[in-house]
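First to last, the sequence lines map onto chains D and U. Under our numbering, the letters of the first sequence match residues 1 to 195, in that order. Under our numbering, the letters of the second sequence match residues 1 to 195, in that order. All C-beta atoms, glycine included, are put in the ideal place defined by N, C-alpha and C. Structure first, then comments.
2 protein chains.
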Amino acid sequence: MTEASSTEAAKARRSDATRAAILTAARERFAADGYERATIRAIAADANIDPSMVMRYYGNKEKLFAAAAEFDLRLPDLTGVPRDEIGARLTGHLVDRWEHDDTLMALLRAAVTNQAAAERMRRLFAAQLGPVVTALVADPAEAPVRAGLIATQALGFALTRYVLCLPPVVALDRAAVVAWLGPTIQRYLAGERAE
Amino acid sequence: MTEASSTEAAKARRSDATRAAILTAARERFAADGYERATIRAIAADANIDPSMVMRYYGNKEKLFAAAAEFDLRLPDLTGVPRDEIGARLTGHLVDRWEHDDTLMALLRAAVTNQAAAERMRRLFAAQLGPVVTALVADPAEAPVRAGLIATQALGFALTRYVLCLPPVVALDRAAVVAWLGPTIQRYLAGERAE
DNA sequence: ACTGTAGGCCAACACCTGTTGACATGTCGA
DNA sequence: TCGACATGTCAACAGGTGTTGGCCTACAGT
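Quick look at the structure:
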C-alpha cells in the first residue's frame with residue numbers, strides 16, 4: 001500500500017494527480033473561453049497530457065464540464081445576523097466567491113450558450129440560494145421571486161465586472177460594491193413586496 | 001429605373017432583399033446560439049441562399065456580426081419626467097427594448113465569448129446610456145459609476161430572464177418587473193452616493 | 001437582339017473538432 | 001521472474017467550420 005490506511009477500499013491511485021490537473025485546466029479554460037471555445041486539446045495541453053487521457057478519465061466533453069463545474073456557493077448561516085446587515089453580508093460573501101474561484105465563471109460563461117450548463121445554473125440557485133432566502137423571508141411563498149431577484153443583481157454584477165469588464169464596474173473596490181449593491185440585495189430579500 | 005426617383009445615386013439594388021434576409025437570419029441565429037455556434041451555413045439556410053453569398057455581401061463572419069449587432073437603445077429624453085418616476089420609466093423602456101428586438105440578445109450572447117462583441121457592448125453603454133445618465137445626475141463625475149451600476153442590474157435581469165431562464169424571473173410580468181427593478185435603477189441613478 | 005454584369009449556386013480547400021483504437025511503458029502483486 | 005493491469009502516447013477517423021474560386025443564369029442598357 002502506498003497510503004497510510006490498509007483496509008480502506010478507497011486507495012489513492014497514481015492517476016489522481018492527473019485527474020486533478022485535468023480538472024483544474026478544464027475549469028480555467030471553460031472560465032476563460034466558454035464551453036465551445038474551450039477545446040479538449042487545449043485543456044489537455046494545459047494539463048501536460050494527451051487529449052485521449054481526458055476522454056478516458058471523463059468520458060466526453062459534456063461529462064468533463066459537469067465534473068469541472070461542480071460548485072458550492074458556501075452561503076453562510078445568516079439567521080443570527082441583524083436583519084439590516086444581511087444584504088451587505090450576502091453581497092460581500094458573493095463577491096469573495098467570485099474572486100477566488102474560477103468555477104462560477106466557468107459556469108456562467110458556459111451557461112450562456114450551453115443548455116446543460118444553464119440548467120446547472122438554475123439548479124445551483126434553486127438548491128443553494130433558495131433555502132437561505134426561504135429561511136430569512138417572512139412569507140415563504142415569496143421566497144422564489146426574492147431569490148430570483150437577488151440572482152438578477154448578483155449575476156448582473158458578475159457579468160459586467162468579470163465578463164464584459166465595463167470599466168466603471170471593474171474599478172469598484174470591495175467596499176464600494178458592498179455599499180452600492182448591499183441595499184439592493186437587502187430590499188429584494190426583506191423589502192416590502194412590489195407586485 | 002425600378003424606383004421612383006430618377007437622378008438619385010442610391011438606386012435600389014435587386015440584392016437588397018437578400019442582404020436584409022441575411023441580416024435578419026444572422027440576428028436570430030446569433031441571438032439564439034451565440035457567436036461560435038451560429039454558423040454561416042445555418043444563417044444562409046435560414047435566409048434561403050448559399051453560404052458563399054454571405055461572404056460576398058459581408059466579407060467574413062466577424063463583419064457579418066458587426067452588421068447584425070448594430071443597435072440603438074432609443075433611450076427617451078427623461079429630463080422632463082418627475083425625478084421619482086425616472087427609474088420606473090427607464091426600467092420599462094429597457095424591458096420593451098429587450099422583448100421586441102433580437103439584436104440586444106445577439107449582442108449579449110456573443111459578448112460573453114467574443115472579445116469584439118464585448119467591446120461593442122461596452123461602447124453601447126458608454127455611448128448611449130452614459131450621456132442620458134450624465135444629463136440626469138447632479139455631479140457629472142459620478143455619472144460613469146452610476147451608469148455602470150444601472151448596466152449591472154439591467155443586464156443581470158436580461159441574463160436571468162432571457163438567457164438562463166430562471167423560472168421566478170421569467171414569471172414576472174412587465175408591471176412586476178418595473179415595480180421591483182424600478183427603485184433599484186432609481187437609487188443607482190439618483191440615490192445618495194455610497195462610496 | 002446582343003452583351004456585360006450582377007446575382008446566385010456548386011464543389012472544393014485547409015483546418016479544427018470530439019472521439020476512438022492500437023500500441024508502448026511502467027508498476028505492483030504473486 | 002513473470003504476467004496483469006494501470007498509465008500514457010500516437011495516429012487516425014468522421015464530421016463540421018470559415019472561406020474561396022469557377023461556373024451558370026437572367027436581367028439591364030445599348
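Fill in: Closer than 8 Å to chain D by CB, U/Glu85
Chain D places no beta carbon closer than 8 Å to that of U/Glu85, leaving this residue out of the contacts.
Worksheet item: Which residue from U/Thr103, U/Glu119, U/Ile150 and U/Ala20 puts its Cα closest to that of U/Val196?
Response: With chain U covering only 1 through 195, there is no way to say anything about residue 196 of chain U.
Discussion item. Less than 8 Å between the beta carbons of U/Glu28 and U/Asp46, yes or no?
Written reply: In this structure, U/Glu28 places its C-beta atom within 8 Å of the C-beta atom of U/Asp46.
Worksheet item: Would D/Gly156 count as contacting chain U if we go by Cβ distances under 8 Å?
Response: So yes, D/Gly156 belongs to the interface.
Worksheet item: So what does DSSP say about U/His93, is it helix, strand or coil?
Response: DSSP places U/His93 in helix when its eight states are reduced to three.
Practice prompt. Compare the C-alpha of D/Asp102 against each of D/Ser52, D/Tyr162 and D/Phe157 and name the closest.
Written response: The residue with the shortest Cα to Cα distance from D/Asp102 is D/Tyr162.
Worksheet item: Alpha carbon to alpha carbon, what distance is there between U/Leu166 and U/Ala126?
Response: Those two C-alpha atoms are separated by around 28 Å.
Practice prompt. Name the two residues that bound the continuous alpha helix (DSSP H) containing D/Gly197.
Written response: Past the boundaries of the shown model lies residue 197 of chain D; chain D is included only from 1 to 195, so the question cannot be answered.
Worksheet item: Where does U/Ala141 sit, in a helix, a strand or coil, going by DSSP?
Response: In the three-state DSSP reduction, U/Ala141 falls in the helix class (H, G or I).
Discussion item. Below 8 Å on the Cβ atoms is my contact criterion, and I expect D/Phe30 with D/Arg97 to pass it. Report the Cβ-Cβ distance as a whole number of Å.
Written reply: Not quite, the Cβ-Cβ distance comes to about 17 Å (not below 8 Å), so this is no contact.
Practice prompt. Please report how far the alpha carbon of U/Glu142 lies from the alpha carbon of D/Ala66, in whole angstroms.
Written response: It is roughly 42 Å from the alpha-carbon of U/Glu142 to the alpha-carbon of D/Ala66.
Item to complete: With a threshold of 16 other CB atoms inside 10 Å of the CB of D/Val112, please say whether the residue is buried or exposed.
Response: The residue is buried, with at least 16 neighbouring Cβ atoms inside 10 Å.
Worksheet item: Would you say U/Pro167 touches the ligand NAP, meaning its beta carbon is less than 7 Å from a heavy atom?
Response: As far as ligands go, the structure on display features none, and thus does not contain the ligand NAP.
Worksheet item: Helix, strand or coil: which one does DSSP assign to U/Tyr35?
Response: The three-state reading of DSSP puts U/Tyr35 in coil, since its state is none of H, G, I, E or B.
Fill in: Backbone secondary structure at D/Thr18 - three-state DSSP
D/Thr18: helix per DSSP, three-state reduction.
Worksheet entry | Cα-Cα separation, D/Ala68 to D/His100 | Roughly 15 Å separates the two Cα atoms.
Fill in: Separation of U/Gln115 from U/Thr18, as counted between CA atoms
So the alpha carbons of these two residues sit roughly 28 Å apart.
Item to complete: Starting from the Cα of D/Ile185, find the closest Cα among D/Ala118, D/Leu90, D/Val170 and D/Leu129 and give me that residue.
Response: Nearest C-alpha to D/Ile185: D/Leu90.
Fill in: Rounded straight-line distance, which links the Cα of U/Ala135 to that of U/Leu94
U/Leu94 and U/Ala135: Cα-Cα distance of roughly 18 Å.
Discussion item. Any C-beta of chain U within less than 7 Å: which residues of the stretch 78–112 of chain D qualify?
Written reply: Taking 7 Å as the Cβ-Cβ cut-off against chain U, the residues of the stretch 78–112 of chain D that qualify are Arg109, Ala111 and Val112.
Worksheet item: Between U/Trp180 and D/Ala194, is the Cβ-Cβ spacing less than 8 Å?
Response: Result yes, Cβ atoms of U/Trp180 and D/Ala194 sit closer than 8 Å.
Worksheet item: When you compare only the Cα positions, how much space is there between U/Tyr57 and U/Leu107?
Response: So the alpha carbons of these two residues sit roughly 21 Å apart.
Worksheet item: When the distance is taken between beta carbons, is D/Gly130 closer than 8 Å to D/Ala147?
Response: Less than 8 Å separates the beta-carbon of D/Ala147 from that of D/Gly130.
Worksheet item: Between U/Thr24, U/Ala171, U/Val178 and U/Leu124, which lies nearest to U/Asn48 when the distance is taken from Cα to Cα?
Response: When C-alpha distances from U/Asn48 are compared across U/Thr24, U/Ala171, U/Val178 and U/Leu124, the shortest belongs to U/Thr24.
Worksheet item: Hey, how far is the Cα of U/Ala38 from the Cα of D/Pro183?
Response: Those two C-alpha atoms are separated by around 39 Å.
Item to complete: Using a Cβ cut-off of 7 Å, pull out every chain U residue sitting near D/Glu62, in sequence order please.
Response: Within chain U, no residue has its CB atom less than 7 Å from the CB of D/Glu62, the nearest being about 15 Å off.
Worksheet item: Beta-carbon of U/Met53 versus every beta-carbon of chain D: anything under 8 Å?
Response: No, U/Met53 lies away from the interface with chain D (no Cβ there is under 8 Å from its Cβ).
Fill in: Nearest to U/Val178 (by Cα), restricted to the options U/Glu192, U/Val170 and U/Ala88
Nearest option by C-alpha distance: U/Ala88.
Item to complete: Hey, could you find the ends of the alpha helix (DSSP H) U/Gly80 is sitting in?
Response: U/Gly80 -> no alpha helix (DSSP H), and no H or E assigned at all.
Discussion item. Once the 5 residues before and after U/Ala4 are set aside, which same chain residues still bring their CB inside 6 Å of it?
Written reply: Legend: pLDDT at U/Ala4 = 35, less than 50; position of this residue unreliable, value from coordinates given subsequently. Listed in chain order, the non-local C-beta contacts of U/Ala4 below 6 Å within the same chain number zero, local neighbours out to five positions each way being set aside.
Worksheet item: Out of curiosity, what's the CA-to-CA distance linking U/Arg70 and D/Val81?
Response: The question names Arg, but residue 70 of chain U is Glu in the sequence shown. Rounded to whole angstroms, U/Glu70 to D/Val81 spans 47 Å at the Cα level.
Practice prompt. Measuring only between beta-carbons, confirm whether U/Glu195 sits less than 8 Å from chain D.
Written response: U/Glu195 counts as touching chain D.
Worksheet entry | Assigned secondary structure, D/Arg13 (DSSP; H/G/I helix, E/B strand, else coil) | Here DSSP, grouped into helix, strand and coil, assigns D/Arg13 to coil.
Fill in: Counted within 10 angstroms of its Cβ, other Cβ atoms place D/Thr152 as buried (16 or more) or exposed
Per the 10 Å Cβ criterion, buried.
Fill in: Interfacial residues, the stretch 26–46 of chain U to chain D, with Cβ spacing under 8 Å
Of all residues in the stretch 26–46 of chain U, Asp33, Gly34, Glu36 and Arg37 have a Cβ within less than 8 Å of some Cβ in chain D.
Worksheet entry | Extent of the continuous alpha helix (DSSP H) run through D/Asp72 | Annotation for D/Asp72: no alpha helix (DSSP H) segment contains it, and DSSP assigns it neither H nor E.
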